[in-house]
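Those protein sequence lines, which keep their order, are chains A and B. Each residue of the first sequence is one higher than the last, beginning at 1 in my numbering. Each residue of the second sequence is one higher than the last, beginning at 165 in my numbering. Even for Gly, the Cβ is constructed at its ideal location relative to N, Cα and C. Everything on this sheet refers to the single structure shown next.
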Amino acid sequence: MIQDQYIKVGMADLNVTSRIGVLKTTGLGSCVGVTLYDAAAKVAGMAHVMLPSSSIAREGTLNVAKYADTAIPEMIRRMEDLGARTERMEAKLAGGAQMFAFGGSSDTMRIGPRNVESCKELLKRYAIPLKAEDTGGNYGRTIELDCETGVLFIRSVQKGIKEL
Amino acid sequence: MTSLNAFGELQLDVLREVGNIGAGHAATALSQLLDKPIDMLVPKVRIVPFEEIADSVGGAEQVVVAIFLRVEGETPGNLFFIITVDSAKRLLHNLASLAAGQGDDFSEMELSALHEIGNILAGSYLSSLADFTKLSMYPTVPALAIDMAGAILSYGLIQFGQMGDHALLIDTQFWEGSDEVKGHFFLIPDPESFGKIFAALGVHSL
């Protein structure tokens, strides 16, 4: 699974690729890695989403990759530019952990689960099936999506490597 | 809303001093715990892109031991005490004569001891800062995690996430003489806290 054609996806970032390459994002905590894949066109996309909704944004120029509700539409658009079709896409989710357990359950502390919920809602809106997920828990994850096969590799300190 | 990029050298100096006082007291506390001298570097005040938040501790995937506590009160923020896994083992060995187990695993007893060490150090960081600024700062009960640095530190960025892709980090590195125990204190004040910190120390925010 270790390949040299890595296409890096940073925090609050997204990227797409066609035919070859492995999309990779590291250190997902409460952030969610959303991946979309069109097997027929061999087009893959990955977003490292940090916050559930752009409605709370107070920044000047919006970084669309940061919020679930703007990252997913943008990723779909860019994948369509590469020949993918929404009705053929399948989604996988990873991340959305609660890294620290606290007595209180303020909004900030629950950000992981909220990110996951928001992503699922968006996928439903676009009628994209959620094929697999590895979300929640209290640990960090690094993920890689192989554009040739659509296989998602998930690595964590506690659980080793998992394949979705 | 204060834009981070608008901070001048004077403001950054104030924040460096904030790190100096907080981490200085925490390092003294650590030195007393270990009965060994602790050295520290001049704090770095950096405005970093989210992507680079974990760079000074070895990158997003580097496994670290972290004590995190949320600061509440007049100047909310996030405080992290981060040490390498090896350092944590040595710290436990020096301090509690807990025999370091093999591998990266920690026993319940070791985790509990680390928790308490983090609590003491973070507590002294905050209380010295609160005394210095006369601002109220209350720590929440600290939480411990042993995981990828990126996954841990991204927790401190959520408040910044709403307003941009950069965060202001007050990073102080410390180590025990023979380099056996080394780590970092990261203070990441919430965006709205800067104005109050500057005002309390007699510097206008802009």
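Strictly below 7 Å CB to CB, what residues from chain B border residue i?
{"i": "L28(A)", "result": "A315"}
{"i": "I111(A)", "result": "I322"}
{"i": "A57(A)", "result": "Q326"}
{"i": "N15(A)", "result": "Neighbours of N15(A) on chain B: none; closest Cβ ~13 Å, over 7 Å."}
{"i": "N63(A)", "result": "D329"}
If you draw a straight line from the alpha carbon of residue i to that of residue j, how long is it in whole angstroms?
{"i": "Q323(B)", "j": "G83(A)", "result": "37 Å"}
{"i": "D69(A)", "j": "S54(A)", "result": "7 Å"}
{"i": "P353(B)", "j": "A12(A)", "result": "20 Å"}
{"i": "V34(A)", "j": "V249(B)", "result": "30 Å"}
{"i": "A313(B)", "j": "S18(A)", "result": "31 Å"}
{"i": "F338(B)", "j": "H189(B)", "result": "12 Å"}
{"i": "P113(A)", "j": "Y139(A)", "result": "13 Å"}
{"i": "K200(B)", "j": "A193(B)", "result": "11 Å"}
{"i": "V221(B)", "j": "H368(B)", "result": "32 Å"}
{"i": "E121(A)", "j": "D81(A)", "result": "23 Å"}
{"i": "E356(B)", "j": "T239(B)", "result": "8 Å"}
{"i": "L233(B)", "j": "L130(A)", "result": "35 Å"}
{"i": "N63(A)", "j": "L321(B)", "result": "15 Å"}
{"i": "G183(B)", "j": "G27(A)", "result": "26 Å"}
{"i": "A294(B)", "j": "D269(B)", "result": "35 Å"}
{"i": "A307(B)", "j": "F214(B)", "result": "22 Å"}
{"i": "Y319(B)", "j": "E280(B)", "result": "21 Å"}
{"i": "E148(A)", "j": "I20(A)", "result": "6 Å"}
{"i": "L176(B)", "j": "V209(B)", "result": "7 Å"}
{"i": "T25(A)", "j": "N242(B)", "result": "24 Å"}
{"i": "F358(B)", "j": "G172(B)", "result": "13 Å"}
{"i": "V229(B)", "j": "E340(B)", "result": "17 Å"}
{"i": "G150(A)", "j": "Y6(A)", "result": "14 Å"}
{"i": "A47(A)", "j": "S342(B)", "result": "43 Å"}
{"i": "R77(A)", "j": "G45(A)", "result": "10 Å"}
{"i": "K92(A)", "j": "L152(A)", "result": "8 Å"}
{"i": "A170(B)", "j": "D134(A)", "result": "41 Å"}
{"i": "M165(B)", "j": "E274(B)", "result": "In this predicted model, M165(B) has a pLDDT of only 43, less than 50, meaning its place in the structure is not dependable; the value taken from the coordinates is given anyway. Each residue's alpha carbon lies about 42 Å from the other."}
{"i": "H348(B)", "j": "V206(B)", "result": "12 Å"}
{"i": "V125(B)", "j": "S292(B)", "result": "With chain B represented from 165 up to 370, any question about residue 125(B) goes unanswered, as that position is not in the structure."}
{"i": "L51(A)", "j": "R125(A)", "result": "18 Å"}
{"i": "D146(A)", "j": "C119(A)", "result": "21 Å"}
In the DSSP assignment, find the unbroken beta strand (DSSP E) run with residue i in it and report its ends.
{"i": "N242(B)", "result": "G241 to T248"}
{"i": "K8(A)", "result": "Y6 to K8"}
{"i": "S18(A)", "result": "D13 to S18"}
{"i": "I161(A)", "result": "G160 to E163"}
{"i": "G347(B)", "result": "K346 to P353"}
{"i": "G95(A)", "result": "M89 to G95"}
{"i": "E225(B)", "result": "Where E225(B) is concerned, there is no enclosing beta strand (DSSP E), given that its DSSP letter is neither H nor E."}
{"i": "P213(B)", "result": "K208 to P213"}
{"i": "S342(B)", "result": "Taken as a continuous stretch (DSSP letters only), S342(B) belongs to no beta strand (DSSP E), as it is neither H nor E."}
{"i": "K131(A)", "result": "L130 to T135"}
{"i": "V43(A)", "result": "V43 to V49"}
{"i": "E144(A)", "result": "R141 to D146"}
{"i": "L62(A)", "result": "Element bounds for L62(A): n/a, residue is neither H nor E."}
{"i": "L152(A)", "result": "L152 to S156"}
Less than 8 Å between the CB atoms is what I'm expecting for residue i and residue j, so what's the real figure, rounded?
{"i": "L285(B)", "j": "A252(B)", "result": "Wrong, their Cβ atoms sit about 13 Å apart, outside the cutoff."}
{"i": "I217(B)", "j": "A331(B)", "result": "7 Å"}
{"i": "V49(A)", "j": "C31(A)", "result": "6 Å"}
{"i": "V43(A)", "j": "M79(A)", "result": "5 Å"}
{"i": "F350(B)", "j": "L333(B)", "result": "6 Å"}
{"i": "A71(A)", "j": "L14(A)", "result": "6 Å"}
{"i": "I128(A)", "j": "I143(A)", "result": "In fact, because the Cβ distance is near 18 Å, the residues do not count as touching under 8 Å."}
{"i": "L179(B)", "j": "V235(B)", "result": "Going by Cβ atoms, the distance from L179(B) to V235(B) rounds to 15 Å, so no, they are not a contact pair."}
{"i": "R88(A)", "j": "A40(A)", "result": "5 Å"}
{"i": "E59(A)", "j": "G328(B)", "result": "5 Å"}
{"i": "K360(B)", "j": "L299(B)", "result": "6 Å"}
Report the neighbours of residue i on chain A: residues whose CB is nearer than 9 Å to its CB, in chain order.
{"i": "Y302(B)", "result": "Near Y302(B) there are no residues of chain A at all, since even the closest Cβ is about 13 Å away, more than 9 Å."}
{"i": "S318(B)", "result": "M11, G27, L28, G29, S30, C31, M50, M99 and G140"}
{"i": "F296(B)", "result": "The premise fails here: F296(B) is roughly 26 Å from chain A at the closest Cβ pair, so nothing lies under 9 Å."}
{"i": "D269(B)", "result": "Simply none; closest approach about 10 Å."}
Starting from residue i, trace the alpha helix (DSSP H) both ways and give me its first and last residue.
{"i": "P113(A)", "result": "I111 to R125"}
{"i": "I316(B)", "result": "A313 to L317"}
{"i": "E181(B)", "result": "E173 to L198"}
{"i": "P201(B)", "result": "Premise fails: P201(B) is in no alpha helix (DSSP H) and is neither H nor E."}
{"i": "G29(A)", "result": "No alpha helix (DSSP H) contains G29(A), which DSSP labels as neither H nor E."}
{"i": "R77(A)", "result": "A68 to D81"}
{"i": "K360(B)", "result": "S357 to A364"}
Give the interface partners of residue i over in chain A, defined as CB-CB distance under 8 Å, in chain order.
{"i": "A218(B)", "result": "G27"}
{"i": "V227(B)", "result": "V157"}
Residue i touches chain A at which residues, Cβ-Cβ below 7 Å?
{"i": "E215(B)", "result": "G10 and M11"}
{"i": "D335(B)", "result": "Ordered by position in chain A, no residue passes the 7 Å Cβ test against D335(B), which lies about 17 Å from the chain."}
{"i": "E224(B)", "result": "The sequence as given places Ala at residue 224(B); Glu does not occur at that position. In chain order: T26 and G27."}
{"i": "D250(B)", "result": "Per Cβ cutoff of 7 Å: no residues; D250(B) is ~15 Å from chain A at best."}
{"i": "F232(B)", "result": "F100"}
Chain D beta carbons: is any one of them nearer than 9 Å to that of residue i?
{"i": "D203(B)", "result": "Considering every chain present, this structure includes no chain D. Its protein chains are A and B."}
In chain B, which residues lie less than 8 Å from residue i when you measure between Cβ atoms?
{"i": "K66(A)", "result": "G325 and D329"}
Problem set entry | Ordered list of alpha helix (DSSP H) runs contained in the stretch 284-333 of chain B, each at least 4 residues | 313-317 and 322-325
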